[in-house]
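Counting in this note's numbering, the sequence shown runs from 358 upward without gaps.
Here the structure comes first, spelled out in structure tokens, and everything after it is commentary.
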Amino acid sequence: MSQENMRASDADREQIVTKLRAAMDDGRINLHEFDERVQQVYAARTYGELTPVLSDLPVQRNSRSGPKIAAEPSVFPLWVKIMWTPWVFVNILVILIWLATGMGYFWPFWVAVPWGLALFIPSTVGYLLNKDKGHGAP
């Protein structure tokens, strides 16, 4: 019995989907093509049906291009930056609205301060707890 007629396992299908996801991440296929090919993979019963799905894509190496460069340690972990980013942009927006409407009573204070305090407390606690551990996430 040839390899093409042998039944494919779920693990085999998952390996193919992982390769397709990497190809999509690299820009070799778009989301629509990825979806079509994933449907073909899960409908496939044998290795012969799985082979055409990857036939027009280059063979992927285990190691990504070049040696991995260690990320430079940051003072603030990524999760803190993610938490504070919406606060910054929303407050820029409300200050612009305040400026555009005549700069009367500084009402953006009521957006910035309570929300800022709500973010400051977990950010400080997380930073202090992870400072000694050297981790970037709680």
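Yeah, the Cβ is synthetic: ideal placement off N, Cα and C, and Gly gets one too.
Excluding sequence positions up to five away, which residues of its chain have a Cβ less than 8 angstroms from the Cβ of residue i?
i      : result
Pro415 : Arg385
Val468 : Val447, Asn448, Val451
Kindly indicate which three-state DSSP category residue i falls into: helix, strand or coil?
i      : result
Gly402 : Before going on, a small fix: residue 402 reads as Arg here, not Gly. The answer is coil: DSSP assigns Arg402 none of H, G, I, E or B.
Arg370 : helix
Arg378 : helix
Arg394 : helix
Give me, in chain order, the residues of the same chain whose beta-carbon lies closer than 7 angstroms to that of residue i; leave out the 5 immediate sequence neighbours on both sides.
i      : result
Val395 : Val374, Leu377
Have a look at residue i and residue j and give me their C-alpha separation to the nearest angstrom.
i      : j      : result
Gly461 : Thr442 : 27 angstroms
Val410 : Phe463 : 60 angstroms
Asp382 : Phe391 : 10 angstroms
Ala475 : Ala401 : 51 angstroms
Trp455 : Asn448 : 10 angstroms
Gln397 : Asp367 : 13 angstroms
Ala457 : Ile439 : 28 angstroms
Ser480 : Ser359 : 59 angstroms
His389 : Ser412 : 17 angstroms
Would you say residue i and residue j are within 7 angstroms of each other, going by their C-beta atoms?
i      : j      : result
Pro465 : Ile452 : yes
Gly405 : Glu361 : yes
Trp436 : Trp472 : no
Thr408 : Ala365 : no
With a threshold of 6 angstroms on Cβ separation, who are the neighbours of residue i within its own chain once the five nearest residues in sequence on each side are excluded?
i      : result
Ala380 : Ile386, Leu414
For the ligand MG, I want to know if residue i counts as a neighbour, meaning its beta carbon is within less than 6 angstroms of at least one of the ligand's heavy atoms.
i      : result
Gln372 : For the ligand MG, the structure offers nothing, since it holds no ligand at all.
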